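Using the working numbering, the letters of the sequence shown correspond one by one to residues 734 to 1411. Where a beta carbon is used, it is the ideal one built from N, C-alpha and C, also for glycine. Because the structure is a prediction, the values reported are computed rather than measured.
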Amino acid sequence: MLRKLAVFALASLFSVSPLLAQHSVSEPVLDVSSMDKSVDPCIDFYTYSCGGWMKNNPIPPDQASWGTYGKLQDENRLQLRSILEEAAKTGAPRNAVTQKIGDYYASCMDETAIEKLGSQPLQPQLQRIAALQSKEQFADYVASSQYPPSLYGGGTLFTFRSNQDYKDSSQVIAELDQGGLGLPDRDYYLKDDAKSVELRKAYLAHVEKMFALIAESADASAQDAATVLRIETALAKGQMTRVERRDPPSLYHKMSALDLAKLAPTFDWNIYFAKTGAGALAALNVVTPSYVKTLNEEIEKESLADWKVYLRWHAVHVAANDLSSAFVKENFAFYGKTLRGREELPPRWKRCTNDVDDDLGEALGQAYVAKYFSPEAKDAALKMVREIEAAMQGEIQSLPWMGAATKEQALIKLHAVANKIGYPDKWRDYSALQIVRGDHIGNSERADWFEFHRWLAKIGKPVDRNEWGMTPPTINAYYDPQMNDINFPAGVLQPPLFSPLSDAAPNYGDTGATMGHELTHAFDDEGSQFDAQGNLRNWWTDADRKEFEKRAQCVVDQYSGYTVIDDIKVTGKLTNGEDIADLGGTLLAYLAWKQSTVGQKLEPLDGLTPEQRFFVAYGQSWCTNERDENKRLRATVDPHSPEKYRTNGVVSNMPEFREAFHCKPGQPMVRENSCRIW
Ligand SMILES: [Zn+2]
């Protein structure tokens, strides 16, 4: 099962890819009992909005953080589970879709059969590694290993997939990128603070235990773990940082396969491309040439025996969750507990439900949408999106810092944004993917290869703009700069995030701000470098770009001052796109709400004015409790700021908020040098 970490990260609402629920419509978008009215909203608006929620919603033992979205995701799994259990029943009438998801789920749930196999499913792969005679055979091996090399990062040696050409978004080309690490980021290998040193020690112990599980002796396991850490540390040094990767032009190095071979001659790329099915490539984008060079040097430098150790580790690492409980538990002990602070492994049905969503997401999604998503919800969402877009048009036209020429281009881009709501017009065809009841690991491997080949099959073909990057039950949303589209899966468009029974203000403060957030991504530090067609092309005058960057820097400086935990600060450069989207999106939602209620007399409710209700609903969309370990992990890898600052950072910049709560200059929620871009 592949973990999704796109080469060019989708600008999502938040990072943990989640799922939701058909809630009873009575569940309010704004819940007064979730507030803490003993807190002054002008001092700490987040706690004012969420204090009650945080007290009433402790983190469940199997979770790393627990927030409005995560809670919905968890509840949503119950509905997906009922769909899957029904589909898994033998003897019930089934169609092509329910056969696949039902048999996949039933096989995944058959713990007894999986337990009996132990590490046996991994043996053919380990034998192939043992039989390697020379480094020249690496290409052939990784191109045909049990699980595909790596589509999303974190796999063996590197990441390989396809992507729209940055300079010609109508075409799809092959893309080669950094990868090959077992820890979540290069920084984990290279930082010297006490926590990083401690985590590396824990990682070594984990790798050692995994080697022991495939029957290596204690001495060999310890030595091999050290070899893995040495090789991965060397590879990490060749990788770009997450902040460096927020600059799209520096991720584009289109070259011929011949040039790639010159850059990294020890790896037989032709064999690799042929064996994976990518075929002979005229050109490809080498995202991080520095990494490919480093990889080449390391292949030369390290012995064949030590490379076999690395390959063995990645073989067991990628398969761990599909193997018997000893592997699953050890994998969880490090990645779930040590890295994220979770106390308990989630129950098997939750993990299997996630696996089906990962591997057969549009089949499960089809069943989900039929049962839980109404045409009315789709219409209501589309109406609100159009209002938000109209608000953006007004904002662009009246921006004081942008000249007429750039405004014209910005409007062209705005009008070209495609709105995708709920689910794809055309469902993915899984008929070529064989799902066999009783063969869990086989299903997982075949599903990964199916997905890998699906990406490679796009190379050289025109782009398909109907495709989605998230599955329908997902409680999240995203903007894709190369597609220039905003995407709202069915899961995110339901109570308590949006409710037809709510007064308008909370709906706009919550879901409206989400829509504004995604739309603003089209004009954030990254998105603003892509044009209406999704090409990486500068459509700004130099003077206007300077004005934009000055304002973006205001946001960087603001968020860089916030503390995540201990002495760890938010990396304002890493979170800039999300922070810009939060700020712009909330303002757009506010303007759209005002416009939609022109001429209406709005009454206070639950002791809150309509304006206050808008902002409290925004705050409540971010209510979260989080474990310290997860906070540290996110500070390194997550482009989203902690929820507290996604709330306070935004409102403290907005005069509309000050007015709503009568806050005074000098109070914490009134920033003296307010940032404003869009
Ligand atoms: Zn976002």
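Asked, Found
"With a cut-off of 8 Å on the beta carbons, I'd call Val1303 and Ser1374 a contact; round off their distance for me.", "5 Å"
"Going by DSSP, what residues sit across from Gln904 in a beta bridge?", "Pro1195"
"Please report the distance separating the alpha-carbon of Pro1080 from that of Trp786.", "25 Å"
"Report the three-state DSSP secondary structure of Gln897 (helix, strand or coil).", "strand"
"Can you check which of these residues, Ala1322, Leu1028, Asn896, is closest to Pro1214 by C-alpha distance?", "Asn896"
"Please list, in chain order, all residues of the same chain as Asn1381 whose beta carbon is under 6 Å from its beta carbon, the five residues on each side excluded.", "Phe778, Tyr779"
"Any idea what DSSP makes of Ser757, helix, strand or coil?", "With a pLDDT of 43 at Ser757, under the threshold of 50, the predicted position of this residue should be treated as unreliable, though the coordinate-derived value follows. DSSP places Ser757 in coil when its eight states are reduced to three."
"So what's Asp910 in DSSP terms, helix, strand or just coil?", "strand"
"Ligand 1 heavy atoms versus the CB of Ala1314: any closer than 7 Å?", "yes"
"Counting pairs of beta carbons, one from the region 1219-1236 and one from the region 1245-1260, are three or more of them closer than 8 Å?", "yes"
"Among Ala990, Pro1205, Glu977, Phe1065, which residue has its Cα nearest to the Cα of Ala1100?", "Pro1205"
"Please list, in chain order, all residues of the same chain as Asp901 whose beta carbon is under 8 Å from its beta carbon, the five residues on each side excluded.", "Asn1268"
"Between which residues of its own chain and Leu817 is the CB-CB distance below 8 Å, once the five residues before and five after are set aside?", "Ile834, Gly835, Tyr838, Cys1085, Thr1086, Val1089, Leu1097"
"What did DSSP end up calling Ala1151 once you bin it into helix, strand or coil?", "strand"
"According to DSSP, simplified to helix, strand and coil, what is Ser1226?", "A small fix is needed here, since residue 1226 is Leu in this sequence, not Ser. Leu1226: coil per DSSP, three-state reduction."
"What residue ranges within the region 987-1022 form continuous beta strand (DSSP E) runs of no fewer than 3 residues, ordered along the chain?", "1017-1019"
"When you measure from the CB of Ser1374 to every non-hydrogen atom of ligand 1, does any distance come out below 7 Å?", "no"
"May I ask whether a heavy atom of ligand 1 can be found less than 7 Å away from the beta carbon of Ser1261?", "no"
"Tell me whether the beta-carbon of Val1403 lies closer than 8 Å to the beta-carbon of Cys783.", "no"
"Go ahead and pull the three-state DSSP assignment for Lys1306.", "coil"
"Using DSSP bridges, identify the partner residues of Glu1141.", "None; Glu1141 has no bridge partner."
"I'd like the list of long-range same chain contacts for Glu1389, defined as Cβ closer than 6 Å, with 5 residues on each side in sequence excluded.", "Tyr1323"
"For Ser745, is the beta carbon positioned less than 7 Å from some heavy atom of ligand 1?", "yes"
"Out of curiosity, what's the CA-to-CA distance linking Met1125 and Leu1320?", "9 Å"
"Is Glu1311 close to ligand 1? I mean its beta-carbon at under 7 Å from any heavy atom of the ligand.", "yes"
"Using 10 angstroms around the beta-carbon of His1395, count the other beta-carbons present and answer buried if the total reaches 16, otherwise exposed.", "exposed"
"Opposite Glu1359 in the DSSP bridges: which residues?", "Ser798"
"Is there at least one non-hydrogen atom of ligand 1 closer than 7 Å to the beta-carbon of His1173?", "no"
"Please go through the same chain and pick out, in chain order, the residues whose beta-carbon is closer than 8 Å to the beta-carbon of Lys1041, but skip the five residues on each side of it.", "Ile862, Ala863, Leu865"
"Closest to Asn1176 by CA distance: which of Lys1140, Leu1093, Lys868 is it?", "Leu1093"
"Can you give the beta carbon distance from Pro1229 to Glu760, rounded, assuming they're within the 8 Å contact cut?", "4 Å"
"Going by other Cβ atoms of all chains shown within 10 Å of its Cβ, with 16 needed for buried, is Glu1344 buried or exposed?", "buried"
"Is Ile1154 near Leu1115, with beta carbons less than 8 Å apart?", "yes"
"Which class does Asp1275 belong to by DSSP, given the choice of helix, strand or coil?", "helix"
"Counting along the chain, where does the alpha helix (DSSP H) carrying Tyr1211 start and finish?", "Tyr1211 -> not in any alpha helix (DSSP H); beta strand (DSSP E) instead, spanning 1211-1213."
"For Leu1147 versus Ile1121, is the C-beta spacing smaller than 8 Å?", "no"
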